[in-house]
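Trainee:
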DNA sequence: TTTTCACTTGAACAACTATTCAACTGAAAT
DNA sequence: ATTTCAGTTGAATAGTTGTTCAAGTGAAAA
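Residue numbers (this note's numbering), protein chains in the order written: chain A, 6 to 111; chain B, 6 to 111.
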């Protein structure tokens, strides 16, 4: 771990914060499976279209997403493999590192 | 990327959120360099002791920290290497993946 | 060119979060 | 046993964030 400069910390924190909402993380996890348009995501979660759009806007503002148009739809996907790694990493961590939080016996 | 269950998403999102604050991430980065007590952290950042304590409480509640006592001081450190990886990963991502966000020329 | 429609966006409101203060806790030192 | 002091915690406040609504965009289809 090299000494960390302030700007990097801020950028990294913004990335973490963007990923730190269950709804947004679920969206990212969905996109990790493949491209999807806004309507598809909305349908999959039974939520407002504009809710999804705002959510994607947050993720996009941190450069976590890529998008392209196909016909009338806009297809979203993860920006790169790095984003997938972060998700995978945290999910792995979340399933393993869940100590029972009990003191050594007696 | 395996299909993700709801509980894992929630835990992972909580971890990300805890890391998604510049002050907290700075603290984690500092602890990645080695153990430190609350006073040291406070001194290093010129902040209130209770501010630091509350901050550590948030990180601790997501199992990101370990602590042990030495004399009158309580030494904090990262819970495990996994946490260091997450930090390192995001910092790496933050320094590289910063596209100039400009369209292809002309 | 006009219409359509998928998506985006600003504003508003409710829900959540970070910091500070002041009081408290408890292990260590005396 | 008493004192000390590093750290913790509940409450209050100010600032931030997520969702929704309603209006607006703009590329594609007609």
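Even glycine gets a Cβ: it sits at the ideal position worked out from N, Cα and C.
Identify whether residue 71 of chain B lies in helix, strand or coil by the three-state DSSP scheme.
Mentor: strand
Trainee: 8 Å is my cut-off, CB to CB: does residue 79 of chain A come that close to chain B?
Mentor: no
Trainee: Under 8 Å by Cβ, that's how I've got residue 97 of chain B and residue 67 of chain B pegged, so tell me the actual separation to the nearest angstrom.
Mentor: About 22 Å; that fails the 8 Å criterion.
Trainee: For the region 16 to 34 of chain A, which residues have a beta carbon sitting closer than 9 Å to at least one beta carbon of chain B?
Mentor: Per Cβ criterion, the list reads 16, 17, 18, 19, 20, 21, 22, 23, 24, 25, 26, 27, 28, 29, 30, 31 and 34.
Trainee: What number of angstroms, rounded off, separates the C-alpha of residue 100 of chain B from the C-alpha of residue 89 of chain A?
Mentor: Near 17 Å, if we compare the C-alpha coordinates of residue 89 of chain A and residue 100 of chain B.
Trainee: Apart from the five residues on each side of it in sequence, which residues of its chain come closer than 8 Å, Cβ to Cβ, to residue 81 of chain A?
Mentor: 36, 40, 41, 42, 43, 46, 61, 70, 71 and 72
Trainee: Indicate the three-state DSSP secondary structure (helix, strand or coil) for residue 41 of chain A in the structure shown.
Mentor: strand
Trainee: Determine the contact status of residue 18 of chain B and residue 17 of chain A, defining contact as a CB-CB distance below 8 Å.
Mentor: no
Trainee: Do you know offhand how far residue 109 of chain B's Cα is from residue 79 of chain A's?
Mentor: Reliability fails at residue 109 of chain B, whose pLDDT of 28 lies under 50, so the model's placement of it is uncertain and the value that follows must be treated cautiously. Looking at the two C-alpha atoms, the distance is approximately 19 Å.
Trainee: Any beta carbon of chain A sitting closer than 8 Å to that of residue 57 of chain B?
Mentor: It does not: the Cβ of residue 57 of chain B has no partner Cβ on chain A nearer than 8 Å.
Trainee: Flag residue 91 of chain A as yes if its beta-carbon sits less than 8 Å from any beta-carbon of chain B, otherwise no.
Mentor: In terms of beta-carbon proximity, residue 91 of chain A lines the interface with chain B, with at least one pair separated by less than 8 Å.
Trainee: What did DSSP end up calling residue 51 of chain A once you bin it into helix, strand or coil?
Mentor: coil
Trainee: So if I threshold CB-CB distances at 7 Å, which residues from the region 32 to 51 of chain A count as touching chain B?
Mentor: 34, 37 and 38
Trainee: Give the secondary structure of residue 57 of chain B by DSSP, where H, G and I count as helix, E and B as strand, and everything else as coil.
Mentor: In the structure shown, residue 57 of chain B sits in a helix (DSSP, three-state: H, G or I).
Trainee: In whole angstroms, what is the alpha-carbon distance linking residue 58 of chain B and residue 85 of chain B?
Mentor: 20 Å
Trainee: Identify the contact partners of residue 96 of chain B in chain A, using a Cβ-Cβ distance below 7 Å as the criterion.
Mentor: 9, 13 and 17
Trainee: For the candidate residues B:52, B:55, B:20 and B:53, whose alpha-carbon lies nearest to that of residue 87 of chain B?
Mentor: B:20
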